[in-house]
Amino acid sequence: MQSDDVIWSIVGKTFCSFRVKITTGNFCKNPYNLTGICAQRYCPLANSRYATIIEKDGDCFLYLKVIERAHLPNALWEKVKLSNNYRKALEQIDEKLRFWPNYLKHKAKQRFTKIKQYLIRKKRLQFKLKSKLVPVNNRLERRERKKEKKALSIAKLDKRIEEELLSRLRSGKYQDIYNFPLAQYETALEQDKVSEPETVEFEEEYESDEESEEESESYETEELEHPTQVQDIEDSYLNGDNSIFDDDERIQDQVDEGEDPKEVLKKRWSRHATKQKAPTRATARKTRKRREFEYELEDERLTQATTDR
Amino acid sequence: MERPLPKNKVLRSKIRQRSKYMKKKQKKKEKEQRKMEAEARGEDWRKQPLTLEDKRVSVGDDFSAGERLVVDQFISDEFSPVFSGTITPKVVIVPGLKATRITYTFISELLQVIPNSVFFKRKQSSLAQASASASQKGFTDLIVMEENRKQITGLFHIHLPTGPCAYYRIRNYIPCKNIVGHGRSNTSKPEVILSHFTTALGIRVARMLGALFALEPEYSGRQVVTLHNQRDFIFFRFHRYQFDEQGKKVSLQEQGPRFTLLLQQLIKGLPGDDNAEVEFRKRKASKYEFFL
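Chains A and B supply the protein sequences, listed in that same order.
Going by the working numbering, 72 is the number at position 83 of the first sequence; the sequence numbering is gapless.
Counting from 1 along the second sequence, just add 845 to a position and that's the residue number in the working numbering.
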């Protein structure tokens, strides 16, 4: 015959293999324990009348200890499958444990509720988006970082980009946008350096320029690059040199009025050359002469001043 | 038949030293001869140092990048309508599930770089759902960020009408403001440079990335996006360029974010598809094998 007190005096007071001691108290690792606490009330070994709720694969079972089968531990527990409906299952528990002590009923119901709650949570989590956690292999990370560094240094990105852009420019992709001095213009300049009179030079320049302009159909304004500060790229692009754009309109107006386009362009080109561009040989000589003249005047004034005294 | 080395350690070491010395001598002789010959011809006698690119072992089909253009009309794949101009790319950029500030910074920068791109909230939708709703709304590309521990780690690029889905790992993301002397981008459409993609897979990836930008670029804006592949790392750079007066030199100013992409896998279908064919999955390769 099972004597609960004797069992408890041994298991509870000397040694129990299921007992786990923690600072806050004793816990029971026995899978059939109703609450998980090591106490005489809740010990599945030291109680001939005992019940638990155990969950398997989403189904809850009420396990009842049948003490008549104490000599057959395999068949010791009577399993009752509880309904999936929460209310009905509670009624089932009530029915099976009707004349049992209240604390057992209460704890059984509590345990059942807890189990039911986590089952619901589990189902909900399946539909919730979870990102798959992938472990990071530090060795691989380190190696890849090194590889990347090496690859970057070999790539020589800036150089490649520059080369690519220049090749695109040469292939004519940006035909309409940039109006770089073409080879003809440059050779014309070379010729100019040889021949003397200014006016003739000037016309020659102009003519060659006209040829190049005729090639590109639309008369685009030049982009005035000052290859000094890269920080100013934004400003130059935004603010531009608006006077040039004004010129375009004026030219169009004048042409519409009936003036000879050649003459218009000639005038425009002269202004253009003297104002903004680096002075060509012809124009430089012009300006130089003027300056000299002014200097002479000044000298005279100076000498006059001195002589006056 | 070589004589076996003597068991005596001293003798053995002597023999080895002697053989080493003879080899060295031979090498030196050869080098001098080479030098003389080359100088007689007028060339540089030094050999080019071998890099990994020279020792490269081909993985599948290889061909030099010069032979096959990326924007080739004769390649008919999912991207050919984009490149031929019949479809204009519309890009949605979507944050990851747990997005923090850095994701949003990256997204805002990408929105400036990629023309015709829009930001949409994630709203707890899975990748399959997101791609379905995006294709319904008429987008051509979906980009989904991935983040871990306040760092951008990954990027899903899904080409929408049943297109391939590529997953990249992102490394070394430097936002605009951390780049010294960076410029601010303007709204004109940038040009694209896709360089050094050598294998067939590489060309496919290049087309996929290029299809994001494949609108008519506005050359007057002088902006250029570079995607350069080196040893399976795809470097992304965003510059503004300016030619000098003679058109002989370019000056570059870096504008946008700077990051590198590592292709992890390329799947032929949309993300919800379980039966989709896996075109590429990153695997352990030897030092000399490069996939892109």
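Glycine included, every Cβ here is placed at the ideal spot set by N, Cα and C.
Here the structure is a predicted model, which means the values were calculated and not measured.
Item checked: Run of the beta strand (DSSP E) containing residue 1070 of chain B, from where it starts to where it stops -> 1068 to 1075
Item checked: residue -8 of chain A to residue 120 of chain A span [Cα, whole Å] -> 54 Å
Check: Straight-line CA distance for residue 277 of chain A to residue 157 of chain A?
Finding: Its pLDDT being 49, under 50, residue 277 of chain A is placed unreliably in this model, and the value from its coordinates should be taken loosely. For residue 277 of chain A and residue 157 of chain A, the distance between alpha carbons rounds to 40 Å.
Margin query: Between which residues of its own chain and residue 208 of chain A is the CB-CB distance below 6 Å, once the five residues before and five after are set aside?
Written below: Any reading at residue 208 of chain A must be qualified, since the residue scores a pLDDT of 37, below 50, and its modelled position is unreliable; no value is offered.
Note to self: What does the alpha-carbon distance come out to for the pair residue 18 of chain A and residue 59 of chain A?
What the structure shows: The C-alpha of residue 18 of chain A lies about 20 Å from the C-alpha of residue 59 of chain A.
Note to self: In this structure, how does DSSP classify residue 994 of chain B when only helix, strand and coil are distinguished?
What the structure shows: coil
Next item on the list: Taking only beta-carbon positions, decide if residue 1138 of chain B is within less than 8 Å of chain A.
Entry: Outside the displayed range of chain B (846 to 1137) lies residue 1138 of chain B, so it cannot be described from this structure.
Notebook entry, point to check: Taking only beta-carbon atoms, is residue 862 of chain B less than 8 Å away from chain A?
Noted result: no
Notebook entry, point to check: Can you tell me whether DSSP reads residue 1087 of chain B as helix, strand or coil?
Noted result: strand
Next item on the list: Give the single residue among B/927, B/886, B/954 whose Cα lies nearest to the Cα of residue 1021 of chain B.
Entry: B/954
Margin query: How far does the beta strand (DSSP E) with residue 48 of chain A in it extend, from its first residue to its last?
Written below: Here the beta strand (DSSP E) through residue 48 of chain A covers 48 to 54.
Item checked: Neighbour list for residue 146 of chain A in chain B, Cβ cutoff strictly below 7 Å -> 1071, 1073, 1080, 1082
Item checked: Three-state secondary structure assigned by DSSP to residue 39 of chain A -> coil
Note to self: Quick check: what's the CA-CA separation for residue 90 of chain A versus residue 30 of chain A?
What the structure shows: 11 Å
Next item on the list: Determine the burial state of residue 109 of chain A: buried for a count of at least 16 other Cβ atoms within 10 Å of its Cβ, exposed for fewer.
Entry: Per the 10 Å Cβ criterion, exposed.
Next item on the list: Give a yes or no on whether the minimum CB-CB distance between residue -2 of chain A and chain B is below 8 Å.
Entry: no
Next item on the list: Quick one: residues in its chain with C-beta nearer than 6 Å to the C-beta of residue 1096 of chain B, no 5 flanking neighbours on either side, listed in chain order?
Entry: If the five residues before and after residue 1096 of chain B are omitted, its C-beta is found closer than 6 Å to the C-beta atoms of 1087, all from its own chain and listed in chain order.
Next item on the list: Classify residue 807 of chain B as buried or exposed, calling it buried when 16 or more other Cβ atoms lie within 10 Å of its own Cβ.
Entry: It is not possible to answer for residue 807 of chain B, since the shown part of chain B is limited to 846 through 1137.
Next item on the list: Enumerate in chain order the residues of its own chain whose CB-to-CB distance from residue 973 of chain B is below 6 Å, with the five nearest sequence positions on each side excluded.
Entry: 1116, 1117
Check: With respect to the beta strand (DSSP E) encompassing residue 1047 of chain B, which residues constitute its N-terminal and C-terminal limits?
Finding: No beta strand (DSSP E) contains residue 1047 of chain B, which is instead part of the alpha helix (DSSP H) from 1045 to 1055.
Note to self: Buried or exposed, going by whether 16 or more other CB atoms sit within 10 Å of the CB of residue 858 of chain B?
What the structure shows: exposed
Check: Are the CB atoms of residue 983 of chain B and residue 935 of chain B nearer to each other than 8 Å?
Finding: Yes. Within cutoff.
Notebook entry, point to check: Where does residue 89 of chain A fall in DSSP's three states?
Noted result: coil
Item checked: Neighbour flag for residue 128 of chain A against chain B, beta carbons, 8 Å -> no
Check: From residue 155 of chain A to residue 144 of chain A, what distance separates their C-alpha atoms?
Finding: 18 Å
Notebook entry, point to check: If you draw a straight line from the alpha carbon of residue 1069 of chain B to that of residue 152 of chain A, how long is it in whole angstroms?
Noted result: 13 Å
Check: Any C-beta of chain A sitting closer than 8 Å to the C-beta of residue 1105 of chain B?
Finding: yes
Note to self: Quick check: residue 939 of chain B and residue 987 of chain B, are their CB atoms within less than 8 Å of each other?
What the structure shows: yes
Checklist line | Proximity test, Cβ basis, 8 Å: residue 160 of chain A and chain B | finding: no
Margin query: Would residue 886 of chain B pass as an interface residue toward chain A - the criterion being a Cβ-Cβ separation below 8 Å?
Written below: no
Item checked: Status (buried if at least 16 other CB within 10 Å, exposed otherwise) for residue 2 of chain A -> exposed
Next item on the list: Within the region 61 to 108 of chain A, note down every full alpha helix (DSSP H) run reaching 4 residues or more, in order along the chain.
Entry: 75 to 85
Item checked: Backbone CA spacing between residue 1124 of chain B and residue 1044 of chain B [nearest angstrom] -> 13 Å
Check: Which chain A residues are close to residue 969 of chain B, counting only those with a beta carbon under 7 Å from its beta carbon?
Finding: Within 7 Å Cβ-Cβ: 118.
Next item on the list: Counting only the same chain and skipping the five closest in sequence on each side, list residues whose C-beta sits under 6 Å from that of residue 1098 of chain B.
Entry: Excluding sequence neighbours, residue 1098 of chain B sits near 1028, 1085.
Notebook entry, point to check: For residue 1023 of chain B, which of helix, strand or coil comes out of DSSP?
Noted result: helix
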